[in-house]
Every structure is written in C-alpha cells, then in structure tokens.
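Read the structure below first, then the notes.
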Amino acid sequence: MPLTPDSQLDWHAFETAYAVEETWFKLASASLAVLGASAFKDQVFTAFAFNAVSFPSISLSFDTDPDNRERNDYPPDWSNECMEVDVPEMGQLWEDGHARIEGALLELIDTADDELLCAIEEGYLHSLRKTMVRLETSHAFEQIRTCARFWTVVTQVDADTDEEERLLDQVRRRLLT
C-alpha cells in the first residue's frame, strides 16, 4: 500500500504498513549471526550502534576499543563504522531486506514538507531505539563476543551522545516496565 503525505501519514502508519521494526529486528539479528561466524568471530566488541548517518539509510557500527569509555572518547571513532561493508554478507542482507522500506521512505521524504519530515525522522529514530531494546532483551548480541560493559546506542552524525543515551534509556524503561 503506497503511503503519501496526502493520506495524512504518520510514522506509525508507515511503520505498520512496511513492518519496519520487525524487519529491522530480523535483519539485525541475522547480521549478528553472520558477524559471529565471520572473520570477526574472535573479535571482542565494546559497542554497537544503529548509525543513521544518511537518513533513511542505516549503518551497523561496531567499536572494539575497551578503553574508549574510560577515556571519555564517546561517541567513539567506530572501529568498524560500516560493518555491512566489512562483512559483505551483512551488507547483502540489508540491501535485500531493507530496500523496500528505504525506497518507500525516500519517496515519502521527497514529497514531505518540513513538519512531516521532522515527524518521520523522529519516528524512524524511535523505531530504531525500540528495535535496539528488542535486540538487547532477546539476547541477540550473544551471537558475537562482547565485553562486560557492552554499549549500545542509536546515533546520527554530530548528535548529542548524552541525549541519545537518555532517549534510548527512556525507551528501555517504557518497554521493560
């Protein structure tokens, strides 16, 4: 069902029509399984981000420096900012599985006014946060090696890390209570 700004679209309608969160969850879970069996299988990861660097594209960013947080080097200079490039099988998963959503979002973005665009972007980031919490609670990260203080975040270029953490924690509290 094509959705357009004239159909008084809100993010929830788009998310539902395209099963966005469910798709992201399945793609991220499958990506973690692929990563856990890849050349990176022995790597200990310290952080993971859904990196919305180029809305509506998503990169899967991983860090491997255990001292970044202690040095207060956050956000990290991601060791693997686009793991989907470093592990082509992950990239293919996302290319195949996210194309329909990304294409529909690009069409919507092209026709959206500023107010709708802001609402779509906020909904998009909120859905990424909900997906992150679902990954955490489903133990999806157990498919890779992680450090004891493994950090997760949903981020954008030049975003305020403290605010990003606050928003993700807010979603955690809402979904886990």
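Final position of the sequence shown in our numbering is 398; the numbers increase by one with none missing. Glycine included, C-beta positions come from ideal geometry on N, C-alpha and C. Please read all numbers here as calculations on a predicted model, not as lab measurements.
Beta-carbon proximity check, residue i vs residue j, cutoff 8 Å
| i | j | result |
| --- | --- | --- |
| A249 | T352 | yes |
| R350 | L389 | yes |
| A268 | F362 | no |
| L326 | P287 | no |
| G344 | W245 | no |
| V374 | E384 | no |
| M304 | F283 | yes |
| E243 | S348 | no |
Contact belief for residue i with residue j at Cβ below 8 Å, rounded distance in angstroms
| i | j | result |
| --- | --- | --- |
| S275 | M311 | Incorrect: roughly 17 Å between the Cβ atoms, too far for contact. |
| L256 | I365 | 5 Å |
Close beta carbons around residue i, own chain, < 6 Å, minus the five adjacent residues each side
| i | result |
| --- | --- |
| A254 | Q364 |
| P223 | Confidence at P223 is low in this model, with a pLDDT of 49, below 50, so the placement of that residue should be treated as unreliable; the coordinate-derived value is given next. Answer for P223: no residue qualifies. |
| I330 | none |
Residue span of the alpha helix (DSSP H) that contains residue i, given as start and end
| i | result |
| --- | --- |
| A320 | P309 to T332 |
| I341 | D335 to T358 |
Span of the beta strand (DSSP E), counted from its first residue to its last, around residue i
| i | result |
| --- | --- |
| A369 | R366 to T376 |
| F271 | V265 to S275 |
Other residues of its chain near residue i: CB distance less than 8 Å, five sequence neighbours each side excluded
| i | result |
| --- | --- |
| L397 | V354 and T358 |
| E323 | P277 and S278 |
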